[in-house]
Amino acid sequence: MMPHRSYRRVSPRVREAAVEQVLALTGTLRSESEACRVVAEQIGVHTNSVRNWVRAAEEPGLDRMDAAALRRKVALLQQQLAAAAEMNRTLVESLNEAEHHT
Numbered sequence: 001m002m003p004h005r006s007y008r009r010v011s012p013r014v015r016e017a018a019v020e021q022v023l024a025l026t027g028t029l030r031s032e033s034e035a036c037r038v039v040a041e042q043i044g045v046h047t048n049s050v051r052n053w054v055r056a057a058e059e060p061g062l063d064r065m066d067a068a069a070l071r072r073k074v075a076l077l078q079q080q081l082a083a084a085a086e087m088n089r090t091l092v093e094s095l096n097e098a099e100h101h102t
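End of the sequence shown sits at 102 in UniProt numbering; the numbers just go up one at a time, nothing left out.
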């Protein structure tokens, strides 16, 4: 005989607090899974529920982005790369000038 599952509504405020607690505990416990388990026990829900809330709160991964979102992400990363390359060029020039003056 299958055990009876009871489902109850959890308010968005409790879900948000649970996610924040998992993120805070992840650094002090061995893993995110352990943090989810601890928080789930505290609020009386299944560990997978808490894990799902954490996943939903995260920025969507590349595998879940649509084509337009991926293009925006690529454009942003290209801008960041160009800015980093320019900073590196400037730094190299500054170091070379400083070396010539010594």
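Glycine is no exception: its CB is placed at the ideal position from the N, C-alpha and C atoms.
Please read all numbers here as calculations on a predicted model, not as lab measurements.
Assigned exposure category for residue i - 16 Cβ within 10 Å defines buried
| i | result |
| --- | --- |
| M1 | Confidence at M1 is low in this model, with a pLDDT of 48, below 50, so the placement of that residue is unreliable and no value is reported for it. |
| R9 | exposed |
| V50 | buried |
| R15 | buried |
| V92 | exposed |
| V45 | buried |
| A35 | buried |
Reduced DSSP secondary structure (H/G/I, E/B, other) of residue i
| i | result |
| --- | --- |
| M87 | helix |
| T28 | coil |
| V22 | helix |
| H101 | coil |
| V45 | coil |
Closest residue to residue i among the options (Cα-Cα distance)
| i | options | result |
| --- | --- | --- |
| V54 | V74, R72, T26 | T26 |
| Q21 | E97, H101, V38 | V38 |
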